[in-house]
Amino acid sequence: MAKDHRLNEQPFTCANRRFQTDISKGNPHGENRARGSVFDAPLVQADGHTLWLEYATDSNGGWGRFG
Numbered sequence: 002m003a004k005d006h007r008l009n010e011q012p013f014t015c016a017n018r019r020f021q022t023d024i025s026k027g028n029p030h031g032e033n034r035a036r037g038s039v040f041d042a043p044l045v046q047a048d049g050h051t052l053w054l055e056y057a058t059d060s061n062g063g064w065g066r067f068g
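Numbers 2 to 68, taken from my numbering, label the letters of the sequence shown in order.
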């Protein structure tokens with residue numbers, strides 16, 4: 002089973018060793034309140050799954066985007 006990487010128990014957030022969703026920026030993911038999405042809609046939606054482009058922050062305090 003995959004490890005839960007949500008930040009502060011927010012839905013639709015992720016993190017790894019270097020990057021994490023920047024929930025202080027962007028739009029919420031659809032009906033959920035978690036911010037971090039670059040756009041207000043997913044890039045792709047199919048078969049009940051979505052792909053979002055998110056703002057990200059790195060471990061050195063920088064920022065970028067990842068999907």
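Glycine is no exception: its CB is placed at the ideal position from the N, C-alpha and C atoms.
In this text the structure is predicted, and so the values were computed from the model without any measurement.
Between arginine 19 and aspartate 59, which are expected to be in contact by the criterion C-beta below 8 Å, what is the C-beta distance as a whole number of angstroms? Position 18 of the sequence shown, counted from the start, is the residue given in the question as residue 19. Position 58 of the sequence shown, counted from the start, is the residue given in the question as residue 59. Rounded, the Cβ-Cβ distance is 6 Å, consistent with contact.
Indicate whether at least one CB of chain D lies closer than 8 Å to the CB of threonine 22. The displayed structure is made up of one protein chain only, and chain D is not part of it.
Taking aspartate 59 as part of the beta strand (DSSP E), name the residues at either end of that continuous run. Counting from 1 along the sequence shown, the entry for residue 59 is found at position 58. Its beta strand (DSSP E) spans residues 55-59.
Beta-carbon proximity of arginine 36 to asparagine 28, cut-off 8 Å: For the purposes of this step, residue 36 is identified with residue 35 of the sequence shown, where counting begins at 1. For the purposes of this step, residue 28 is identified with residue 27 of the sequence shown, where counting begins at 1. Less than 8 Å divides the Cβ of arginine 36 from the Cβ of asparagine 28.
In the DSSP output, what is asparagine 28 paired with across the bridge? Position 27 of the sequence shown, counting from 1, holds the residue named residue 28. Bridge partners of asparagine 28: Ser38.
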